[in-house]
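*Asks:*
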Amino acid sequence: MSGAEARGARTGGPHLTVGDVREDQRLAPLVHDVTATTIVLGALASRDWRPMHHDHSFAVHRNGTRDIFMNTPTQAAWFERYLTDWTGPKGRLGRMRFRMLGSVFPGDTMVFAGTVGTVDVDETGCGWVAVDVTLSVADQACTECAARIAIPTGPDDNPWDRRGERWRP
Amino acid sequence: MSERSDLPAEILSWIGQKRYEQVGEFDVERGYIFTTCSSVQNGNPIFWDDKAAAEITGGPIAPPAMISVWFRPHHWAPGRTEQALPLQVHFDLKKALDVPEAVMSDNTVTFGEPVRPGDRLRTWQVLRNVSTPKKTKLGTGRFWDIDVEYVNQRGEWVGTESYTGFGYRKAPR
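Residue numbers (the working numbering), protein chains in the order written: chain A, -17 to 151; chain B, 146 to 318.
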């Protein structure tokens, strides 16, 4: 059991700290079967009323896609969930950069996979991890996300306490 | 020669200026937070458990990735005749440069102060840069960088979405 897992066992979830992370570390993949409900629920939750995200006929006949497809805000929410499932609730997102390569449709199986890039502590004492996450379907990358997420430097640190000049995402 | 010197004066005047400032149509609220977390099966306790939220984030917050959600207009509203376009500066550039096609090539979101239920956010768009004409496999056009900045009702910065667009005319076949 890792240090983070041991702490999680006491507190009801992982609480990753900088000492638990190393460069090139691979995150456990997240696999999810996508349905039309996945797409529509995400579109409505993100207040995206555009028909290509809920109307099959519009998507096929007007957009020329094979079905309705997942919007970008829903994908961002999935990336956020994937990252904070790994860090635990003290993980605080600083930045996400997206590169859209393809669409996600009902019937697809999404696979999220991540690899740690750099791990560092900035001059204010905030711990940062760079993670490259890829959302793939059938081994084809659909979206790449380069994320920078703050995690505690130790058990008494909490990135959410940072304000103003002490938060440099 | 400056990258900007060949641009129309109207576009030069937009660079660095706050445009399309608007206040969200409604307060940040937990119903959408729960629905969003539910839609992606995000069980992070800071969104579901008030005790965990109090201990970790000083009270309930919205998932940072929801930042643009609070500005999407209602599908219908009484008296409204035109739907506002998100990222209007992008469409203004297409029109001013007379380029029929445009794509977004890059999107980065940076997060500041946490967004909390009850907040009423404000946003504006800033054109940062427009390139000289470039030729790509899509066609000939220009790249542009647009920031969409968000603050809360106290003027605290809560996030920025940065977009790089490419407006172009298709290469002849």
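For every residue, glycine included, the Cβ atom is placed at its ideal position computed from N, Cα and C.
In chain B, which residues lie less than 9 Å from TRP110 of chain A when you measure between Cβ atoms?
*Replies:* Position 128 of the first sequence, counting from 1, holds the residue named residue 110 of chain A. Neighbours of TRP110 of chain A on chain B: none; closest Cβ ~13 Å, over 9 Å.
*Asks:* Hey, is the stretch 82 to 90 of chain A in contact with the stretch 32 to 52 of chain A, meaning 3+ C-beta pairs nearer than 8 Å?
*Replies:* Output reads yes: the stretch 32 to 52 of chain A touches the stretch 82 to 90 of chain A.
*Asks:* What residues in the stretch 254 to 266 of chain B bring their beta carbon closer than 9 Å to a beta carbon of chain A?
*Replies:* Hits within the stretch, in order: VAL254, THR255, PHE256, GLY257, GLU258, PRO259.
*Asks:* Within 10 Å of its beta-carbon, does TRP221 of chain B have 16 or more other beta-carbons around it, so buried, or fewer, so exposed?
*Replies:* As a working mapping, residue 221 of chain B is identified with position 76 in the second sequence. TRP221 of chain B should be labelled exposed.
*Asks:* Of all the CB atoms in chain B, is at least one closer than 8 Å to the CB of GLY(-10) of chain A?
*Replies:* Residue -10 of chain A sits at position 8 when you count from the first residue of the first sequence. Bear in mind that the predicted position of GLY(-10) of chain A carries a pLDDT of just 44, short of 50, making it unreliable; the figure below should be weighed with that in mind. It does not; no Cβ of chain B falls within 8 Å.
*Asks:* When the cut-off is 8 Å and only beta carbons count, does MET78 of chain A lie next to chain B?
*Replies:* Here residue 78 of chain A corresponds to residue number 96 of the first sequence, with the count starting at 1. Judged by the 8 Å Cβ criterion, MET78 of chain A is in contact with chain B.
*Asks:* Fully enclosed by the stretch 80 to 122 of chain A, which alpha helix (DSSP H) runs are 4 residues long or longer?
*Replies:* Here no run is fully enclosed.
*Asks:* Can you list, in chain order, the residues of its chain whose CB lies under 6 Å from that of GLU126 of chain A, leaving out five sequence neighbours each side?
*Replies:* Residue numbering aside, residue 126 of chain A sits at position 144 when the first sequence is read from its first letter. Result list for GLU126 of chain A: ARG81, THR116, in chain order.
*Asks:* Could you pull out every residue in the same chain whose Cβ sits closer than 8 Å to the Cβ of THR285 of chain B, ignoring the five residues on either side in sequence?
*Replies:* If you number the second sequence from 1, residue 285 of chain B lands on position 140. Correct list, in chain order: PRO278, LYS279, TYR313, ARG314, ALA316.
*Asks:* For the candidate residues A:PRO(-4), A:VAL13, A:VAL0, whose alpha-carbon lies nearest to that of GLY96 of chain A?
*Replies:* As a position in the first sequence, residue 96 of chain A is number 114, starting the count at 1. Here the closest residue by C-alpha is A:VAL13.
*Asks:* Just to confirm, are LEU75 of chain A and PHE216 of chain B a CB contact at a threshold of 8 Å?
*Replies:* Here residue 75 of chain A corresponds to residue number 93 of the first sequence, with the count starting at 1. Here residue 216 of chain B corresponds to residue number 71 of the second sequence, with the count starting at 1. No, the Cβ-Cβ distance between LEU75 of chain A and PHE216 of chain B is not below 8 Å.
*Asks:* Assess, as a yes-or-no matter, whether the stretch -4 to 6 of chain A is touched by the stretch 96 to 115 of chain A under the definition of 3 or more beta carbon pairs within less than 8 Å.
*Replies:* Contact holds: three or more Cβ-Cβ distances are below 8 Å.
*Asks:* Determine whether the Cβ of ASP30 of chain A lies closer than 8 Å to any Cβ atom of chain B.
*Replies:* Position 48 of the first sequence holds residue 30 of chain A. Taking Cβ atoms only, chain B reaches closer than 8 Å to ASP30 of chain A, which makes this a yes.
*Asks:* Under 8 Å, with one C-beta from each stretch per pair, do the stretch 156 to 163 of chain B and the stretch 243 to 253 of chain B reach the 3-pair mark?
*Replies:* They do not touch, by the three-pair rule.
*Asks:* Quick check: what's the CA-CA separation for TRP149 of chain A versus VAL93 of chain A?
*Replies:* Reading the first sequence from its first residue, position 167 is the one you call residue 149 of chain A. Reading the first sequence from its first residue, position 111 is the one you call residue 93 of chain A. Those two C-alpha atoms are separated by around 31 Å.
*Asks:* Quick one: what's got a C-beta closer than 6 Å to TYR308 of chain B's C-beta in the same chain, skipping five residues either side?
*Replies:* The residue you call residue 308 of chain B lines up with position 163 of the second sequence. Closer than 6 Å at Cβ, skipping near neighbours: MET249, ASN252, ILE291.
*Asks:* Of the residues B:ILE191, B:VAL214, B:PRO209, which one's Cα is nearest the Cα of ILE201 of chain B?
*Replies:* As a first step, residue 201 of chain B must be located in the second sequence, where it is residue number 56. Out of B:ILE191, B:VAL214, B:PRO209, B:ILE191 has the C-alpha closest to the C-alpha of ILE201 of chain B.
*Asks:* Write down every uninterrupted run of the beta strand (DSSP E) in the stretch 233 to 309 of chain B whose length is 3 residues or greater and which is fully enclosed by it, in chain order.
*Replies:* Counting only runs of 3 or more, we get 246 to 256, 267 to 275, 284 to 296.
*Asks:* Can you find a C-beta in chain B that's less than 8 Å from the C-beta of ALA95 of chain A?
*Replies:* Position 113 of the first sequence, counted from the start, is the residue given in the question as residue 95 of chain A. Closer than 8 Å: no.
*Asks:* Using the Cβ count rule (16 or more neighbours within 10 Å means buried), how would you classify GLN270 of chain B?
*Replies:* Indexing the second sequence from 1 puts residue 270 of chain B at position 125. Under this definition GLN270 of chain B is a buried residue.
*Asks:* Grab the span of the alpha helix (DSSP H) containing GLU155 of chain B for me, first residue to last.
*Replies:* Your numbering for residue 155 of chain B matches position 10 in the second sequence. Segment 154 to 159, the alpha helix (DSSP H) holding GLU155 of chain B.
*Asks:* Please report the Cβ distance between VAL168 of chain B and ARG265 of chain B, rounded to the nearest whole angstrom; I am assuming they are in contact, meaning their Cβ atoms lie under 8 Å.
*Replies:* One-based indexing of the second sequence puts residue 168 of chain B at position 23. One-based indexing of the second sequence puts residue 265 of chain B at position 120. With a Cβ gap of about 6 Å, VAL168 of chain B and ARG265 of chain B count as contacting.
*Asks:* Nearest by alpha-carbon distance to VAL244 of chain B: which of B:LEU232, B:ILE178, B:PHE311 is it?
*Replies:* Translated into positions along the second sequence, residue 244 of chain B becomes position 99. Of the listed residues, the one whose Cα sits closest to VAL244 of chain B is B:PHE311.
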